[in-house]
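One structure is given below, encoded as structure tokens.
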Amino acid sequence: MLAQIIQYFQLNSGQYWHYVGQHLGLTIAALAISMVIALPLGYLGSQIKFVASFCVAFAQVLRIIPSLALLFLLIPFIGTGFVPALIALVVLALPPLLINTILGFNEVSPLYQEVGTALGMDQQQLRRQIEIPLALPYILNGIKLALVEIIASATLATYIGAGGLGTLIFTGLGLYDMTYVVIGALSVAFLSLLAMLGFDFLIRKVRTYDRSNYSI
Amino acid sequence: MTEATIQFKHVQKRFGDNLVLPDLSFQIKRGEFVTILGTSGSGKTTTLKMINGLWQPSAGEILIDGKNINQLDLVKLRRHMGYVVQQIGLFPHMTIAQNIAVVPKLLQWDQARINARVEELLKLVQLDPNEYANRYPTQLSGGQQQRVGVARALATNPSYVLFDEPFGALDALTREELQGEIKQIHESLTDKTFMFVTHDINEALFLGQRVMVMHQGRIEQFASPAEIVRHPATPFVKKLLGTVRQNQELWREQDE
Ligand SMILES: Nc1ncnc2c1ncn2[C@@H]1O[C@H](COP(=O)(O)OP(=O)(O)OP(=O)(O)O)[C@@H](O)[C@H]1O
Ligand SMILES: [Mg+2]
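As given, the protein sequences belong to chains F and H, one line each in that order.
Heads up: the first sequence begins at 1 in the numbering used here, then just goes up one per residue.
Heads up: the second sequence begins at 217 in the numbering used here, then just goes up one per residue.
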């Protein structure tokens with residue numbers, strides 16, 4: 001098996017990196033779009049109850065539907081290819097982003113908003129200097145969850161013709177050749193792991209102030 | 217007589233059904249140091265928060281320099297009104313230096329001036345700048361945090377400072393030294409109006425040029441410390457003074 005994997009890379013490394021590139025491209029595009037939608041909407045949700053209830057209900061419904069089912073359900077409406085896959089992935093990434101953004105802003109203690117106001121901050125300064133930095137660890141956690149979800153689901157997106165590492169897995173399954181499956185699966189797992197570790201590091205860095213001890 | 221710089225005219229404040237301040241009227245002159253003394257829940261914090269517009273009165277009028285507070289730009293007003301919150305309220309994601317620098321930054325001071333001011337203030341509240349400037353609030357004790365809260369309020373030498381029990385978490389000795397500092401700051405700067413809430417009757421009498429004694433949302437007496445001690449206006453004030461007297465008797469017994 002190992003020999004076959006090495007052989008694959010010797011012969012097809014160009015193809016492999018092409019799939020990785022597709023996978024990452026799809027992932028980054030989906031993440032960027034979902035963030036542009038979810039972060040402002042989540043902030044609004046933390047201010048307006050009605051928006052929050054709507055977002056939470058939406059997220060709950062999406063959570064019940066399996067990602068694979070969603071991808072197939074969408075085919076009749078949006079067809080196949082890169083754009084439909086992108087739409088499906090964005091929809092999947094919205095729930096963790098929305099919920100964690102709302103949570104993050106709700107967790108900002110009203111005391112700090114009051115103090116900021118009392119010191120003479122206007123709405124925008126309050127948002128930039130107090131609310132966003134304090135909500136940031138939660139938001140980053142939402143981005144992390146969304147990213148992992150996207151990386152995993154992008155594998156399935158192959159099925160609706162978006163390419164990526166899923167192609168390897170499905171090719172392998174079709175040819176009964178486990179080499180392709182293992183390479184594809186391990187690559188996806190590795191990408192997910194990398195995303196998780198990266199964001200965990202980032203979150204810890206953003207929260208330096210929370211390490212409450214006297215001995216510094 | 218100098219014009220009143222802060223004036224309450226029949227101010228009422230209710231939270232839902234809870235009538236916290238039934239009818240509050242008083243005047244504070246420019247440059248005065250007023251202490252507010254009162255039982256827990258008597259409405260001291262509520263009164264302070266109406267002076268910087270955090271809360272609106274339910275009825276009545278609040279005038280700042282003769283102008284109704286509703287007609288003022290509150291953001292601008294607050295930048296010249298230092299405020300020490302009862303809960304301390306240092307921003308957890310900012311270092312001590314950054315916390316103190318909040319208002320100077322809002323007023324767009326240049327960085328060199330901010331740095332110098334931060335250092336000066338930390339020394340004033342007896343925290344070594346080299347050791348504390350770059351720490352986060354969670355890395356300070358409660359009393360140390362409280363002192364930073366005072367430094368933050370004084371950062372730009374504002375015309376008004378509202379102190380809400382700023383020394384509650386301090387030991388008697390540090391407290392006494394800081395009381396001295398605050399008193400000295402007030403004396404060294406002309407035209408600074410200080411409002412200082414405290415539970416501690418000795419603190420109220422020592423710091424205040426006038427003391428406002430509050431009970432259940434009403435002013436029991438608003439007079440100079442000497443006047444309050446000599447002529448307590450109500451049974452409540454008398455009882456309050458009695459708590460000090462108790463201790464004095466204890467000391468006298470020891471001396472005899
Ligand atoms: N946001 C609020 N909503 C409802 N009731 C409030 C609110 N803030 C204060 N109160 C009530 O108003 C009354 C006065 O509160 P305030 O905080 O002014 O008291 P205080 O004199 O500062 O007391 P303490 O010495 O304990 O700080 C209390 O009975 C309190 O329960
Ligand atoms: Mg209070």
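Beta carbons: idealized from backbone N, C-alpha and C, even for Gly.
- Residues of chain H whose Cβ lies closer than 8 Å to the Cβ of P133/F are, in chain order, H309.
- Positions of the alpha helix (DSSP H) runs, each at least 4 residues long and wholly inside the stretch 429 to 455 of chain H, are given as 441 to 446 in order along the chain.
- L70/F and A85/F do not touch by the CB rule: their CB atoms are close to 11 Å apart, not below 8 Å.
- G184/F: not part of any beta strand (DSSP E); member of the alpha helix (DSSP H) spanning M178 to V206, first to last residue.
- Residues lining ligand 1 by the Cβ criterion, that is a Cβ closer than 5 Å to any of its heavy atoms, are F231/H, V236/H, S256/H, G257/H, S258/H, G259/H, K260/H, T261/H and T262/H in chain order.
- Secondary structure note for F307/H: it is in no alpha helix (DSSP H), with a DSSP letter that is neither H nor E.
- Approximately 30 Å separates the beta-carbon atoms of V291/H and Q425/H; this is outside 8 Å, ruling out the contact.
- Chain H has a Cβ within less than 9 Å of the Cβ of T117/F.
- Residue pairing from DSSP leaves T263/H without any beta-bridge partner.
- The C-beta distance from V108/F to G305/H rounds to 13 Å, too long to fall under 8 Å, and the pair is not in contact.
- The beta-carbon of P441/H is placed no less than 9 Å from the nearest beta-carbon of chain F.
- With a threshold of 9 Å between beta carbons, G305/H makes contact with chain F.
- According to the DSSP assignment, M35/F belongs to no beta strand (DSSP E) but to the alpha helix (DSSP H) extending over L2 to Q47.
- Taking a Cβ-Cβ cut-off of 8 Å, the neighbours of Q125/F in chain H comprise L322, given in sequence order.
- In the structure shown, N141/F falls within a helical segment according to DSSP collapsed to helix, strand and coil.
- Distance between Q15/F and I33/F, taken at the CA atoms: about 27 Å.
- Taking the CA atoms as reference points, L288/H sits about 10 Å from R294/H.
- Look at M297/H: its C-beta is under 9 Å from a C-beta on chain F.
- When the alpha-carbon of V366/H is set against those of L394/H, S241/H and V445/H, the nearest one is in L394/H.
- Contact between L168/F and Y180/F holds, since their C-beta atoms are separated by about 5 Å, short of 8 Å.
- Look at V250/H: its beta carbon is at least 8 Å from all of the heavy atoms in ligand 2.
- Per DSSP, K321/H is one residue of the alpha helix (DSSP H) stretching across V318 to L322.
- Under the Cβ criterion of 9 Å, L338/H is not counted among the residues facing chain F.
- Taking a C-beta cut-off of 7 Å against chain H, the contacting residues of the stretch 88 to 117 of chain F are L111, Y112, E114, V115 and T117, listed in chain order.
- Given a length threshold of 3 residues, the stretch 81 to 105 of chain F has no whole run of the beta strand (DSSP E) inside it.
- Not one heavy atom of ligand 2 falls within 8 Å of the beta-carbon of E419/H.
- Annotation for Y159/F: no alpha helix (DSSP H) segment contains it, and DSSP assigns it neither H nor E.
- As a beta-bridge residue in DSSP terms, G254/H pairs with M430/H.
- Look at V413/H: its beta carbon is less than 8 Å from one of the heavy atoms in ligand 2.
- By DSSP's assignment, A220/H forms a beta bridge with K245/H.
- In the structure shown, E277/H falls within a strand segment according to DSSP collapsed to helix, strand and coil.
- Of the other Cβ atoms in all chains shown, fewer than 16 fall within 10 Å of the Cβ of R468/H; this residue is therefore exposed.
- Apart from sequence neighbours up to five positions away, the residues of its chain that approach Q243/H with a beta-carbon distance below 6 Å are A220 and Q223, ordered along the chain.
- DSSP places K339/H in the helix class (H, G or I) of the three-state scheme.
- When CB distances to chain F are screened at a threshold of 7 Å, the residues of the stretch 261 to 281 of chain H falling below it are N268 and L270, in chain order.
- Residues of the same chain with a CB within less than 8 Å of the CB of K399/H, apart from the 5 flanking positions on each side, are F249, F422 and L423 in chain order.
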